[in-house]
Each structure stands twice: as structure tokens, then as C-alpha cells.
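Taken in order, the sequence shown gives residues 7 to 116; the numbers are from this note's numbering. Built from N, CA and C at the ideal position, the CB exists for glycine as well. As the structure is a prediction and not an experimental result, all values here were calculated from the model. Below: the structure, in C-alpha cells.
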Amino acid sequence: AYPFFVPLVLFLVLRRPVLALDPDRRGSIMEDSERLSLKTKLLLALGQSVEGIWVTVGGYYLNKFFLETCCIQPALVGLIQMGVGLFDAFNDTLIGALSDKTRTRWGRRR
């Protein structure tokens with residue numbers, strides 16, 4: 007099960023200065039004016055928790071569908087899920103690298 011409290015812990019408890027993610031300022035410490043407000047942290051944690059609930063519930067019903075409706079063997083369902091996980095691992099890395107390197111006249115990631 008997805009630990010829904012993890013995003014909240016990350017945003018609220020870890021109050022150390024965050025290293026800048028901007029490539030031009032890599033390794034530098036963020037100024038106090040650039041820190042996220044408590045409201046922003048709570049909203050980001052809420053959004054991450056909703057995503058976690060969606061993934062957990064979706065995974066449960068997908069397993070139920072594969073096992074009970076499609077009558078697929080549990081080992082094959084595990085292989086399917088492993089394949090999807092491996093695809094996500096490589097695909098997300100590739101898309102992230104492309105996103106980091108893409109520059110347009112409107113800026114990055116626009």
C-alpha cells in the first residue's frame with residue numbers, strides 16, 4: 007500500500023534549505039524568498055496523496071480484472087506488471103532527459 011503520509015513528511019518536516027534545481031544555479035542554496043510557503047507545501051502534498059490513492063485503487067482493480075475476469079495466471083499478471091514497470095523506468099528517464107534538454111523561445115517545459 008502507498009504510504010500517503012510520505013509527501014506530507016517530505017514537505018513539512020524537512021525544512022532544511024533546498025538545493026536549487028535550476029541548471030544555472032546547481033548546488034547553490036535557495037534564498038528564503040524562494041522557499042515554498044506552508045500553503046504551497048500542503049497543496050503539493052495533497053495532490054501527491056490524491057495521485058497515490060488513484061494509483062493504489064487502480065492497481066487493485068486492475069489485478070482483480072486480470073485475475074478474476076480474464077482468468078490470467080497470477081505469475082503472468084506479475085510479469086505484465088513487471089514489464090509495465092520496466093517500460094516506465096526507461097520511458098520516464100528518456101522523457102525526463104528530453105524535457106531537461108529541450109529549449110524553446112518560451113522557455114523550458116512550455
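Original post:
Under a Cβ-count criterion, where at least 16 other Cβ atoms within 10 Å of its own Cβ denotes burial, should A51 be classed as buried or exposed?
Top reply: The residue you call residue 51 lines up with position 45 of the sequence shown. Buried, by the Cβ-count rule.
**OP:** Using DSSP bridges, identify the partner residues of T110.
**Re:** Translated into the one-based positions of the sequence shown, residue 110 becomes position 104. Answer is G113.
Subject >> V83 beta carbon less than 8 Å from that of L73 >> reply: Numbered from its first residue, the sequence shown carries residue 73 at position 67. Numbered from its first residue, the sequence shown carries residue 83 at position 77. Yes.
Original post:
Where does G53 fall in DSSP's three states?
Top reply: Looking up residue 53 in the sequence shown gives position 47. It is helical.
Subject >> As assigned by DSSP and simplified to three states, the class of L73 >> reply: Counting from 1 along the sequence shown, the entry for residue 73 is found at position 67. Correct three-state label for L73: helix.
**OP:** Output the distance between the C-alpha atoms of A7 and L92, rounded to the nearest integer angstrom.
**Re:** Position 1 of the sequence shown, counted from the start, is the residue given in the question as residue 7. Position 86 of the sequence shown, counted from the start, is the residue given in the question as residue 92. Since pLDDT at A7 reaches only 45, below the 50 mark, its modelled position is unreliable, and the value read off the structure follows with that caveat. Cα-Cα distance, rounded: 20 Å.
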